[in-house]
Structures are given as C-alpha cells and as structure tokens.
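Engineer: Please find one structure pasted underneath; my questions will follow.
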Amino acid sequence: MDSKRRDFLKIAGLTAIAGIAAPSAFNTLLKGEAFAAGGHGAAAPTGKRYGMVIDVKKFTENPGLAEQCISACHTIHNVPDFGNRKDEIKWLWVESYEHAFTTASQYKRPDALKDMPILTLCNHCDKPPCVRACPTKATYKKKDGIVGMDYHRCIGCRFCMAACPYGARSFNWRDPRGKDANGQPFIKSENPKYPARMRGVVEKCNFCTERLAIGQIPACVEVAAQTKAIVFGDINDPESEISQVLKTSFTIQRNPAIGTYPSLFYII
Ligand code: SF4
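Structural data, given as structure tokens:
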C-alpha cells in the first residue's frame, strides 16, 4: 500500500466511523423517497440517462448467450476468477427469476420462469444508495446516469455493498493480480487498456463507460447484438431505440418499490 493511499485511509476512516449507522439510515431515507415518488422506478426527466433493456426470453432462445456476454465483460475488465464462490468477483452474472425479482409474487408462476437465466448487473440507479453510503466518494454518479467507481479512492469499508439492495458489488478479498496454488493467474489474460484492481477494493459493472467514451457500445450489448437481447441507450431521449422499446414493451425492474430508480428494465 503506498503512503498516499495510507494517508487517505486515515482521513476516510474517521468519516467512516462517523457514518457507521449509515446503511440503516439510507434504508429509512429510501423508504421515504419510495412513498413520495410512488416507487415505480420512473426516469429522471432531464439530461442523458443511460439505461438497458434485457429481453430474458431471447437468452432462453439462445443458450450460452448469457455466458458469452459475461465472458466478454469479465475479460475486457480484468475481472479475476478466484475459483470459488466465497471470493467471487462479478460484474455480470445470471440469477434465477425468484432471486432476481425477490419482491415479485412467486405464487402460481409459470414453470417456464423457473429456469429462465436472468442476466443481472449493477442497475445504475438514478437514486443510488451506494453513492450516499460511500464515505470517500469512491463511488459516484456521472451526468450520464452511470454509477462509476474510482478504485484509488476506495478504502474497502464496504458500506456501498451493505447499501446496495441488489448485491451488485464485489469485494477483492485477494489480490486480483495474484496466482492460485497451481501458479495460474486469477486474471487469465490481462487487458492492458483497463486497470486491474487491488486487494481491499470494491468493484462492479461500469456500463462500459470507457468504451462509450470512444464511441463503442457496452461489450455485452455487442455480443448480443444479432439477437437484440440487450438494448442500450439514453432512456431520456424519446427518439432513442431504447425509448421505443420501453414505449412498446411491458418491462419490469428489480425491486423498484424501494425508490432506487433502476436504469435496467427486463422484458420477461
Ligand atoms: Fe449502486 Fe447497487 Fe444501484 Fe448499482 S445496483 S447503482 S451498486 S445501489
């Protein structure tokens, strides 16, 4: 750990102690906001706001597509594979319907839902509790709606993980640049264009903000392009493709009633 980071930790630690009860306070605040807003996951009306529509049926129709998306995302972003669930780092992953949509009624649900692969990731919430919980501003919301991370500011307090209601964040208990007992690197093929993280740092999906900056689309969207299983774009632009999809398809969000206003929508 370099001295700059150590100094930063000392300052941030005091802030973190002061905010030790933060997650429960955020939950209370969120509940209040959900009541005020009606809890329907509406979009902030102005400015750019990137969002995503995932058509779950298309993943069922194309077996292996979800895994291809995950592989592309994790390879590009140097997501380490520690080889066990306990230490798992995930930016993009598959959940079952009942785990992804915990507040949806499971009573008499169609059998087909049981095995549907639900691709899950950070929801890039419009009112992200993780941002409020972070004592060092390591996680922040950008003007385009993307919830980003500055890995160098992260002190590993994991308040953001406690505050995220979707389990969208992972913590590096081990050094991602390290090797397993057989000498195999946790990052199979390091992408020099994206920074690898360090031990003690939280990470999550960034909506491929680094690719958007150079005119590319997110890696998972690119992989699924032929199937149109994922549509990405500005949900505040009424002319965008994603706005057209949202206007014409019935979509649901993960637990919108808590007032986080997810930017991810699912066609089930
Ligand atoms: Fe933050 Fe979790 Fe929302 Fe992502 S899904 S913005 S990590 S609260």
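Number 271 marks the last residue of the sequence shown (this note's numbering); no jumps. Heads up, the beta-carbon is just placed ideally off N, CA and C, and yes, glycines get one too.
Only counting the same chain, and skipping five residues up and downstream in sequence, which positions put a Cβ closer than 6 Å to that of residue 264?
Structural biologist: Contacts found: 44, 128, 129 and 130.
Engineer: What did DSSP end up calling residue 62 once you bin it into helix, strand or coil?
Structural biologist: Correct three-state label for residue 62: helix.
Engineer: Taking the beta strand (DSSP E) that residue 78 falls in, what are its first and last residues?
Structural biologist: From DSSP, residue 78 is part of no beta strand (DSSP E) but of the alpha helix (DSSP H) over 68 to 79.
Engineer: Which same chain residues, not among the five before or five after residue 254, have their C-beta less than 7 Å away from its C-beta?
Structural biologist: Counting only Cβ-Cβ distances below 7 Å, and skipping sequence neighbours, we find 56, 268, 269 and 270.
Engineer: With distances taken from CA atoms, which of 246, 79, 83 and 51 is nearest residue 204?
Structural biologist: If we check each option's Cα against that of residue 204, 83 comes out closest.
Engineer: Pull every residue with its beta-carbon under 6 Å away from any heavy atom of the ligand SF4, and keep them in chain order.
Structural biologist: Result (chain order): 125, 126, 127, 128, 131, 132, 133, 150, 167, 169, 171, 172, 207 and 263.
Engineer: If we ignore side chains and look at the alpha-carbon of each, how far apart do residue 211 and residue 114 end up?
Structural biologist: For residue 211 and residue 114, the distance between alpha carbons rounds to 34 Å.
Engineer: Going by DSSP, name the residue or residues bridged to residue 268.
Structural biologist: DSSP, once it has assigned bridges, lists 56 as partnering residue 268.
Engineer: Hey, out of 73, 102 and 106, whose CA is closest to residue 117's CA?
Structural biologist: Of the candidates 73, 102 and 106, the one whose C-alpha sits nearest the C-alpha of residue 117 is 102.
Engineer: Where does residue 1 land, buried or exposed, given buried means 16+ other C-beta within 10 angstroms?
Structural biologist: The structure shown does not extend to residue 1, since the chain is modelled only from 4 through 271, so no value can be given for it.
Engineer: Taking the straight line between their C-alpha atoms, what separation do you get for residue 79 and residue 94?
Structural biologist: Taking the straight line joining both Cα atoms gives about 11 Å.
Engineer: Looking at the structure shown, is residue 245 part of a helix, part of a strand, or coil, going by DSSP?
Structural biologist: The answer is helix: DSSP assigns residue 245 an H, G or I state.
Engineer: Looking at chain D, is there any beta carbon in it that lies within less than 8 Å of the beta carbon of residue 260?
Structural biologist: Looking for chain D here will not work: only one protein chain is present.
Engineer: In the DSSP assignment, find the beta strand (DSSP E) that holds residue 143 and state where it starts and stops.
Structural biologist: 142 to 144 is the span of the beta strand (DSSP E), which, as asked, contains residue 143.
Engineer: In the DSSP assignment, what are the bridge partners of residue 124?
Structural biologist: Looking at the DSSP assignment, residue 124 forms a beta bridge with 95.
Engineer: With DSSP as the reference, identify every bridge partner of residue 237, one or two as the case may be.
Structural biologist: DSSP, once it has assigned bridges, lists 53 as partnering residue 237.
Engineer: Compare the C-alpha of residue 153 against each of 184, 207 and 108 and name the closest.
Structural biologist: For residue 153, the nearest C-alpha among the options comes from 207.
Engineer: Between residue 52 and residue 240, what straight-line distance do the alpha-carbon atoms span, to the nearest angstrom?
Structural biologist: Computed Cα separation, rounded: 8 Å.
Engineer: Which two residues bound the contiguous beta strand (DSSP E) that contains residue 152?
Structural biologist: Where residue 152 is concerned, the enclosing beta strand (DSSP E) stretches over 150 to 152.
Engineer: Indicate whether the contact test is met: 3 or more Cβ pairs, each with one atom in the stretch 117 to 126 and one in the stretch 56 to 75, closer than 8 Å.
Structural biologist: Contact holds: three or more Cβ-Cβ distances are below 8 Å.
Engineer: Tell me the DSSP secondary structure of residue 226 in three-state form.
Structural biologist: Reduced to three states, the DSSP call for residue 226 is helix.
Engineer: Going by C-alpha distance, which of 87, 97 and 226 is nearest residue 125?
Structural biologist: Residue 97 is the option with its Cα nearest to residue 125.
Engineer: Run the CB neighbour count on residue 258, radius 10 Å, all protein chains shown included, and call it buried at 16 or more, exposed below.
Structural biologist: Burial call: buried.
Engineer: Can you grab the Cα-Cα spacing for the pair residue 160 / residue 132, in whole Å?
Structural biologist: Answer to the nearest angstrom: the Cα atoms are 15 Å apart.
Engineer: Compare the C-alpha of residue 227 against each of 196, 110 and 72 and name the closest.
Structural biologist: Ranking the options by Cα distance to residue 227, first place goes to 72.
Engineer: Please list, in chain order, all residues of the same chain as residue 175 whose beta carbon is under 6 Å from its beta carbon, the five residues on each side excluded.
Structural biologist: Cβ within range, chain order: 200, 202 and 204.
Engineer: Helix, strand or coil for residue 259? Go by DSSP, reduced to three states.
Structural biologist: Helix at residue 259.
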